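Have a look at the structure below, then the notes.
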Amino acid sequence: MNFIELIKQRQSIRSYLPQPVEKEKIIQCLEAAT
Numbered sequence: 232m233n234f235i236e237l238i239k240q241r242q243s244i245r246s247y248l249p250q251p252v253e254k255e256k257i258i259q260c261l262e263a264a265t
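Here it is in structure tokens:
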């Protein structure tokens, strides 16, 4: 199997918490990204 085939078959499985993210944390992430 070559690298391209591996990338195409890759899967990401995430689990999320049921509680919402605090607005302040979202703002901090956005500020850090700009």
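When you line the sequence shown up against my numbering, it's residues 232 to 265, in that order.
Virtual Cβ for every residue (Gly too), placed ideally from N, Cα, C.
Just so we're clear, the structure is a prediction, and the values are computed from it rather than from any experiment.
- Secondary structure note for GLU262: its alpha helix (DSSP H) is the uninterrupted segment 254–264.
- DSSP places ILE235 in the helix class (H, G or I) of the three-state scheme.
- For GLN240, the three-state secondary structure derived from DSSP is helix.
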